[in-house]
Structures are given as C-alpha cells and as structure tokens.
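A.B. asks: This note's numbering numbers the first residue of the sequence shown as -6 and each following residue consecutively. Glycine included, each C-beta is placed from N, C-alpha and C at the ideal position.
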Amino acid sequence: MRVYLAAGPDGVRALRETGTLEAPGYVVTAAMRAADPKADVDDLEYEAALLAEEALREAGEPVLVVAADVPDAFEPQGDSSRIEPGPVPASAVVSFHVAEHGAPADEELLWYDATEIDDVLRYLDEGAEQ
-6 MRVYLAAGPD GVRALRETGT LEAPGYVVTA AMRAADPKAD VDDLEYEAAL
44 LAEEALREAG EPVLVVAADV PDAFEPQGDS SRIEPGPVPA SAVVSFHVAE
94 HGAPADEELL WYDATEIDDV LRYLDEGAEQ
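1) Got a sec, what are the start and stop residues for the alpha helix (DSSP H) L37 sits in?
2) Alpha carbon to alpha carbon, what distance is there between L37 and M25?
3) Note down the Cα distance separating V(-4) from E10, rounded to an integer number of angstroms.
4) Determine which residues share a DSSP beta bridge with A60 and list them.
5) For the putative contact between D62 and M(-6), defined by C-beta atoms under 8 Å, what is the C-beta separation to the nearest angstrom?
6) Taking the alpha carbon of P64 as the reference point, which residue from P82, Y105 and A121 has its own alpha carbon closest?
7) Roughly how many angstroms lie between the CA atoms of E54 and T108, to the nearest whole one?
8) Roughly how many angstroms lie between the CA atoms of D111 and Y39, to the nearest whole one?
9) Please classify G12: is it buried, with 16 or more other beta-carbons within 10 angstroms of its beta-carbon, or exposed?
10) Which of the three DSSP states is assigned to P80 in this structure?
11) Short of 6 Å in beta carbon distance, which residues of its chain neighbour A45, apart from the five on each side in sequence? Order them along the chain.
12) In whole angstroms, what is the alpha-carbon distance linking L117 and V56?
13) Check whether the Cβ atoms of V5 and L103 lie closer than 8 Å to each other.
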C-alpha cells in the first residue's frame, strides 16, 4: 500500500543517515473511497498526500512528504487515514514531494524520485541559506 509520510527535513536527513524513516503516514481508506466512489486511485492518493502536507504545515514544519510502499498490514482502523508504519526502509521509498521555497500553501509540490535524496537535501540546504 502507498503511504505518504509527513517526514519533514529531519526525517529525510535521518533516512539518508540511517536508511530508515519513522514518521506518521497517511493512506487511502475505505471511507475516502466511499466518499468519492468515482475517484480513481491517483486522486485518492493525492488526497492522502495532502493530509501529510497539512500535518507538516500545522506543525510549522517545512513541507517534505515521502511516498513509500509498505505492507498492507498497516491498514488504518476506522475513518482515520493516519497510520504509524514504524521504520520504513529506504528501499520502500518511491518519491519525495517538497514545497518550493517561498511558494504559497496551495502550490503543487516539487517531485523528486527516490534516487534523488541527495538533490532533495541539497535543495533544503539552499532554502535554509535564503
């Protein structure tokens, strides 16, 4: 199952250093599917990614969402789309989604492939210098 982890910069730095990431994740739920039965999987996953983005913004963290594939055993209970998948290995990471420096909250996130973790960290460091 695809999970969108509210990792933030510290989470991605830890992923680079340790090879694992621990952060709350957001997934598509049965309730989300039922609320919009005509939505395709991409639309529903986008909604889950927005929940991770929102969690970071509410915490005052820079937006850096990590998409990863985890076992279906982490299916959330009830209507909540939040899960705690525990340590997610770097090998499960699919992509990084980063808020552009200075962009308003409603802008699309920048997309990086999982192999571009060094580019993501470099981009974050550039933003810290500004």
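C.D. replies: Taking the coordinates as given:
1) For this step, residue 37 is matched to residue 44 along the sequence shown. Element bounds for L37: V34 to E51.
2) Residue 25 sits at position 32 when you count from the first residue of the sequence shown. Residue 37 sits at position 44 when you count from the first residue of the sequence shown. The alpha-carbon atoms of M25 and L37 are separated by roughly 7 Å.
3) Reading the sequence shown from its first residue, position 3 is the one you call residue -4. Reading the sequence shown from its first residue, position 17 is the one you call residue 10. Approximately 21 Å, taken between the alpha carbons.
4) The count along the sequence shown starts at 1 and reaches residue 60 at position 67. DSSP output for A60 lists Y(-3) and S88 as bridge partner(s).
5) What you label residue 62 is simply residue 69 of the sequence shown in a count that begins at 1. What you label residue -6 is simply residue 1 of the sequence shown in a count that begins at 1. Between M(-6) and D62 the Cβ distance is about 7 Å, and since that is below 8 Å, they are a contact.
6) The sequence position of residue 64 within the sequence shown is 71, counting from 1. Among P82, Y105 and A121, the Cα nearest to that of P64 is on P82.
7) Translated into positions along the sequence shown, residue 54 becomes position 61. Translated into positions along the sequence shown, residue 108 becomes position 115. If I take the Cα positions, the gap works out to 23 Å.
8) On the sequence shown, residue 111 is found 118 positions in, with the first residue counted as 1. On the sequence shown, residue 39 is found 46 positions in, with the first residue counted as 1. If you take the alpha carbons of D111 and Y39, they lie about 24 Å apart.
9) Residue mapping note: residue 12 aligns to position 19 of the sequence shown, counting from 1. Per the 10 Å Cβ criterion, exposed.
10) Locating residue 80 in the sequence shown gives position 87, counting from the first residue. P80 falls in the coil class under three-state DSSP.
11) Taking the sequence shown and counting its residues from 1, one reaches residue 45 at position 52. Cβ neighbours of A45 beyond the five flanking positions: Y(-3), A(-1), Y19 and V58.
12) Taking the first residue of the sequence shown as position 1, residue 117 is located at position 124. Taking the first residue of the sequence shown as position 1, residue 56 is located at position 63. Near 10 Å, if we compare the C-alpha coordinates of V56 and L117.
13) For this step, residue 5 is matched to residue 12 along the sequence shown. For this step, residue 103 is matched to residue 110 along the sequence shown. Taking 8 Å as the Cβ cut-off, V5 and L103 do not qualify as a contacting pair.
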